[in-house]
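A short worksheet on the structure shown next.
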Amino acid sequence: MQKRSIAITGIGIFSPIGIGREAFWDNLKAGKSGIEPTKHYHCTATPGCIGGEVKEFTEEAAKKDYLKSQRKSIKVMSRETQLGTAAALQALADSKLDLEKIDHQRMGVLYGANLMFFPPDTMTDPAEACKDESGKFQFDAWGSKGIGKMEPLWMLRYLPNMPACHIAIFTDARGPNNSVTLDEASPGVALTEALNIMERGAADMMLVGGTGTRIHPVRAIHARLADPLGFDEQNPSASCKPFDTQRNGQVASEAAVCLVLEEAEHAKQRGATIYGYLLGGGSSCVAKPTGEADIAKAVLNASKGALRRAGLEASDLGHVNAHGVATVEGDRDEAAGLRQLLDGSDVPVTALKGYFGNAGAASGFMEIVGSLLSMNAGAIPPILNCDHPDTETGLHLVHGQAEPTKKKVFLNINYTKPGQASAVVIAGA
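Note that this note's numbering has the sequence shown beginning at 313, numbered continuously upward.
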């Protein structure tokens with residue numbers, strides 16, 4: 313059987329540098345950073361209380377604009393679920409799919425997410441109810457006094473599979489439905505699984521995306537305990553410096569992105585705008601004999617798998633959009649894997665977290681949109697805040713300004729601290 317071609321026909325994006333494809337693209341071209349002191353989260357554990365925040369997305373805006381037709385369901389959605397659902401609806405609108413005419417059995421949903429946590433203040437009343445006369449918390453009072461004070465439908469708000477559930481309900485998508493909770497590796501894994509589903513003919517359309525936050529108060533504490541967090545006191549918006557000699561850590565953020573994948577003939581028959589094509593994907597998780605993550609090997613394995621699936625060599629790439637998390641060790645290890653992959657080929661490498669930080673399961677999707685829009689315009693977006701490129705990486709780093717390109721195919725890579733990596737190969741229209 314002839315291999316099915318899978319097109320990208322819709323983009324929905326809620327990012328720290330803009331909501332919607334056009335706003336995101338304009339700010340990316342302008343070199344604008346979305347990293348600044350947070351406003352929605354009144355206090356976060358990040359240095360300087362900075363982060364990449366989707367500032368325009370408030371509960372009021374969700375009810376009036378982004379989730380207007382779904383406003384009754386907002387009460388059972390966490391912020392990440394609201395963002396993920398809004399991105400999917402925006403992507404559908406961008407694709408111009410007519411939901412009255414499609415076969416809903418042939419449309420599926422596949423979403424990446426982080427683990428979700430409730431805001432600490434939701435535990436105030438339950439905790440207060442369990443105090444004794446001296447004000448000491450009594451654990452044995454939780455079942456009789458505390459749990460009844462929990463917010464209604466608490467469980468439904470914070471399950472990481474809820475974005476895919478809500479999206480399927482709102483769009484009546486009756487095809488394959490799945491959720492991926494692999495943090496930063498989620499985008500490549502979700503897209504590869506969607507590719508598998510569509511290539512074997514189980515769906516003609518898929519809503520594939522990711523939603524995540526690392527600036528939620530609890531997530532930010534986890535990040536601060538586990539990761540080096542970057543901060544430039546003189547210029548907070550430049551705190552994330554991928555592959556720069558002065559990099560000192562990642563910057564936490566939030567975002568949600570959704571792509572509409574569509575079987576190419578299905579898209580062409582209805583006259584859809586095609587942004588690009590998903591050619592292949594791969595994933596890998598590697599540990600050293602000591603138990604430490606082997607990021608270099610995982611990146612290499614995942615990238616080779618994606619290229620093999622796409623039927624391409626590394627030298628065929630127009631550019632690589634790297635994870636570039638801006639930690640000293642992380643960028644060093646990723647660069648080691650990329651050097652082995654490229655094997656002397658002068659393939660340009662960019663990394664976009666300097667614009668919007670690390671939003672976990674949504675980061676790779678933002679990077680894919682950035683590369684796709686830039687590449688279709690004939691350029692490779694530069695690494696923001698890479699003013700002193702680290703020559704020890706041995707890579708052709710795109711910095712300072714965009715580089716022109718005619719090669720419309722790129723590789724996107726993302727990995728997690730425990731050593732999971734995923735990669736996808738995408739071609740422009």
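C-beta: ideal position from N, C-alpha, C; glycine also. For clarity, every value in this text was computed on a predicted model and none was experimentally measured.
For V611, the uninterrupted alpha helix (DSSP H) segment begins and ends at I607 to A622. Residues H631, I692, H708, V710 and E715 of the same chain have their beta carbon placed closer than 7 angstroms to that of P660, with the five preceding and five following residues left out of the count.
Secondary structure of N724 (DSSP, three-state): strand. Cα atoms of E334 and L340: separation of roughly 10 angstroms, rounded to the nearest angstrom. Nearest Cα to P548 within the set Q652, G487 and Y667: Y667. For Q402, the closest alpha carbon among the candidates G324, I386 and G343 is that of G324. The C-alpha of G593 is placed about 16 angstroms away from the C-alpha of S683.
Collapsing the DSSP output to three states places P601 in coil.
The stretch 417-433 and the stretch 514-529 touch, with no fewer than 3 CB-CB distances between them shorter than 8 angstroms.
The continuous stretches of beta strand (DSSP E) do not include C442, and DSSP gives it neither H nor E. Listed as beta-bridge partners of M462 by DSSP are no residues whatsoever. Per DSSP, the unbroken alpha helix (DSSP H) holding L395 starts and ends at R391 to S407. Residue burial annotation: A535 is buried, with at least 16 other C-beta atoms found within 10 angstroms of its C-beta.
Inside the stretch 471-508, DSSP marks whole beta strand (DSSP E) runs of 3 or more residues at positions 489-492, from first to last along the chain. Restricting attention to beta strand (DSSP E) runs no shorter than 3 residues, the stretch 624-703 encloses them at 631-633 and 660-662, ordered along the chain.
When the alpha-carbon of P529 is set against those of K384, K367, H352 and N508, the nearest one is in H352.
Annotation: E575 is outside any alpha helix (DSSP H); the continuous beta strand (DSSP E) that includes it extends over E566 to E575. In the three-state scheme derived from DSSP, where H, G and I count as helix and E and B as strand, I386 is classed as helix. G521 is bridged by DSSP to Y423 and C570. Per DSSP, V737 is one residue of the beta strand (DSSP E) stretching across Q732 to G740.
Per DSSP, the unbroken beta strand (DSSP E) holding A319 starts and ends at I318 to S327.
L379 sits in coil when the DSSP states are folded into three classes, being neither helix nor strand.
Distance from the CA of I695 to the CA of A638, rounded to the nearest whole angstrom, comes to 11 angstroms.
Judged by beta-carbon spacing, P328 lies within the 8 angstroms limit of A567, meaning their Cβ atoms are closer than that value. From the listed residues T703, G583, A647 and M389, the smallest Cα separation to L409 is found for G583. Excluding sequence positions up to five before and after C355, its CB lies within less than 8 angstroms of the CB of C361 and P529, all in the same chain and listed in chain order.
In terms of Cα proximity to A497, the closest of V737, I738, Q732 and G740 is Q732. In this structure, R469 sits away from V598, with a CB-CB distance that is not shorter than 8 angstroms. Using a Cβ distance threshold of 8 angstroms, D495 and G672 count as a contacting pair.
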